[in-house]
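Residue numbers (the working numbering): 15 to 114. Yeah, the Cβ is synthetic: ideal placement off N, Cα and C, and Gly gets one too.
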């Protein structure tokens with residue numbers, strides 16, 4: 015298997031696992047935090063996909079889909095254009111919501 019095939023396989027497995035993990039959850043369940051400083055499921059999935067987008071765009075010298083496919087506008091988060099979740103405060107984590 016070449017490196018492109020390995021990436022496709024790896025990211026495909028992540029996508030399947032994420033879809034399975036969130037299937038049937040409501041918007042409130044996705045945003046729930048078991049502790050005031052815990053990360054929600056919505057934030058974890060957002061962070062995971064932002065990191066994938068950032069790293070793959072960097073590896074292939076392309077624009078991030080976060081910007082080019084309109085995801086940034088759809089989420090409407092008050093974070094900087096390049097925010098991926100690193101260094102965010104607990105309050106910022108709490109701002110990430112996703113429709114079910």
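Residues near residue i in its chain [Cβ-Cβ closer than 7 Å; skip 5 each side]
| i | result |
| --- | --- |
| residue 56 | 44, 45, 110, 111 and 112 |
| residue 71 | 77 and 78 |
| residue 67 | 78, 79 and 80 |
Which of helix, strand or coil DSSP assigns to residue i
| i | result |
| --- | --- |
| residue 96 | coil |
| residue 62 | helix |
| residue 91 | coil |
Chain-order list of residues whose beta-carbon lies under 6 Å from that of residue i (same chain, five-residue window excluded)
| i | result |
| --- | --- |
| residue 180 | Residue 180 is absent from the model: the chain starts at 15 and stops at 114. |
| residue 47 | 54 |
Straight-line Cα distance separating residue j from residue i
| i | j | result |
| --- | --- | --- |
| residue 32 | residue 38 | 12 Å |
| residue 81 | residue 97 | 11 Å |
| residue 75 | residue 61 | 20 Å |
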